[in-house]
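Trainee: Let me give you the structure first, and then I'll get to my questions.
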Amino acid sequence: MSHCETVQRITQLTPLGQALAALDALVAPVAPAETELGNALGLTLAADATASARPAHALASRDGWAVRSELTVDAGSYAPAALPALPARVDLGEPLPPETDAVAQFETVLVRDGRAEAVASLAPGEGVLLPGADAIAEQPLRRAGERLRPMDIAVLTAAGLHRVSVSKPRV
Numbered sequence: 080m081s082h083c084e085t086v087q088r089i090t091q092l093t094p095l096g097q098a099l100a101a102l103d104a105l106v107a108p109v110a111p112a113e114t115e116l117g118n119a120l121g122l123t124l125a126a127d128a129t130a131s132a133r134p135a136h137a138l139a140s141r142d143g144w145a146v147r148s149e150l151t152v153d154a155g156s157y158a159p160a161a162l163p164a165l166p167a168r169v170d171l172g173e174p175l176p177p178e179t180d181a182v183a184q185f186e187t188v189l190v191r192d193g194r195a196e197a198v199a200s201l202a203p204g205e206g207v208l209l210p211g212a213d214a215i216a217e218q219p220l221r222r223a224g225e226r227l228r229p230m231d232i233a234v235l236t237a238a239g240l241h242r243v244s245v246s247k248p249r250v
């Protein structure tokens with residue numbers, strides 16, 4: 080016999096069912112672990128990643144005048160709609176004042192002698208980022224069992240998450 084030949088000395092094979100049962104006895108589910116979001120890249124979520132509503136309040140999506148849209152119905156350059164009070168100026172990203180639901184562009188509201196007139200009609204929500212537009216409260220942004228990619232880390236960070244529950248398997 081040459082030194083390259085191997086002699087097999089197995090006298091009996093373990094039945095498949097018995098071998099699988101032995102493996103099952105050694106394997107246990109991976110316990111979830113909380114980790115910083117920055118350390119979770121490439122790991123698998125053990126629980127859904129959810130956030131609170133984003134934004135929490137209506138925000139201006141452009142610079143302009145915060146108004147109640149119902150006051151501008153049928154407004155036009157030949158038939159302006161008088162506004163009962165001077166509208167509040169808002170800049171991009173600022174919360175809307177109470178009782179307002181739209182942001183008019185500066186050129187669509189004329190302010191003269193302490194009075195304001197709308198020269199264009201607005202729809203409710205126009206020029207506004209509505210509450211929950213970026214993230215709906217308690218709706219999963221990523222689901223349990225999904226692996227976190229760089230894009231997911233960016234989205235979860237933007238949604239205000241700092242920690243997630245992940246599975247860290249050991250072999």
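Numbering (this note's numbering) for the sequence shown: 80 to 250. Backbone N, C-alpha and C fix where the C-beta goes; we use that ideal spot for every residue, glycine too. Quantities reported herein were computed from a predicted structural model and do not represent experimental measurements.
1. In angstroms with no decimal places, state the Cα-to-Cα distance between Gly204 and Ala160.
2. Touching or not, the stretch 121-135 and the stretch 210-221, by the rule of three or more beta carbon pairs under 8 angstroms?
3. Answer yes or no: do Val109 and Lys247 have a C-beta to C-beta separation smaller than 8 angstroms?
4. Expressed to the nearest angstrom, what Euclidean distance is found between the alpha-carbon atoms of Leu189 and Thr236?
5. Answer yes or no: do Leu220 and Ala238 have a C-beta to C-beta separation smaller than 8 angstroms?
6. Do you know whose CA, among Val207, Thr179, Arg228 and Ala104, lies nearest Glu149's CA?
7. Would you check if there are 3 or more beta carbon pairs closer than 8 angstroms linking the stretch 184-203 to the stretch 103-119?
8. May I have a chain-ordered list of the beta strand (DSSP E) segments no shorter than 3 residues that lie completely inside the stretch 170-204?
9. Relative to the C-alpha of Arg222, which residue among Leu122, Ala135 and Gly172 is closest?
10. Going by DSSP, which residues form a beta bridge with Val146?
11. Ala174 to Ala197, Cα distance in whole Å?
12. Can you tell which of Leu208, Ala125 and Ala212 has its C-alpha closest to the C-alpha of Leu227?
13. From Leu208, Asp231 and Val106, pick the residue whose C-alpha is nearest to that of Gly172; which is it?
14. Measuring alpha carbon to alpha carbon, tell me which of Asp170, Thr151 and Pro210 ends up nearest Pro163.
15. What three-state label does DSSP hand Val243 in the structure shown?
16. Is Pro229 helix, strand or coil when you go by DSSP?
Mentor: Put simply:
1. Here residue 204 corresponds to residue number 125 of the sequence shown, with the count starting at 1. Here residue 160 corresponds to residue number 81 of the sequence shown, with the count starting at 1. The alpha-carbon atoms of Gly204 and Ala160 are separated by roughly 18 angstroms.
2. Yes: at least three Cβ pairs fall under 8 angstroms.
3. Taking the first residue of the sequence shown as 1, we reach residue 109 at position 30. Taking the first residue of the sequence shown as 1, we reach residue 247 at position 168. Against a cut-off of 8 angstroms, the Cβ pair of Lys247 and Val109 comes out as a contact.
4. The residue you call residue 189 lines up with position 110 of the sequence shown. The residue you call residue 236 lines up with position 157 of the sequence shown. As the crow flies, the alpha-carbon of Leu189 is around 41 angstroms from that of Thr236.
5. Counted from its first residue, the sequence shown places residue 220 at position 141. Counted from its first residue, the sequence shown places residue 238 at position 159. Closer than 8 angstroms, so yes.
6. One-based indexing of the sequence shown puts residue 149 at position 70. Ranking the options by Cα distance to Glu149, first place goes to Thr179.
7. Counting Cβ pairs under 8 angstroms, fewer than three are found: no touch.
8. The qualifying runs are 181-183, 188-191 and 194-197.
9. Within the sequence shown, residue 222 is the residue found at index 143, counting from 1. For Arg222, the nearest C-alpha among the options comes from Leu122.
10. Start at 1 with the first residue of the sequence shown, and residue 146 comes out as number 67. Residue pairing of Val146 in beta bridges, as defined by DSSP: Ala181.
11. Counting from 1 along the sequence shown, the entry for residue 174 is found at position 95. Counting from 1 along the sequence shown, the entry for residue 197 is found at position 118. Correcting the residue type first, residue 174 is Pro in the shown sequence and not Ala. Each residue's Cα considered, the two are about 21 angstroms apart.
12. Locating residue 227 in the sequence shown gives position 148, where the first residue counts as 1. Ranking Leu208, Ala125 and Ala212 by CA distance to the CA of Leu227 puts Ala125 first.
13. Within the sequence shown, the letter at position 93 stands for residue 172. It is Leu208 whose Cα lies nearest to the Cα of Gly172.
14. Along the sequence shown, read from residue 1 onward, the residue named residue 163 stands at position 84. Looking at the Cα atoms, Thr151 is the closest of the given residues.
15. Counting from 1 along the sequence shown, the entry for residue 243 is found at position 164. Strand.
16. As a position in the sequence shown, residue 229 is number 150, starting the count at 1. Pro229 falls in the helix class under three-state DSSP.
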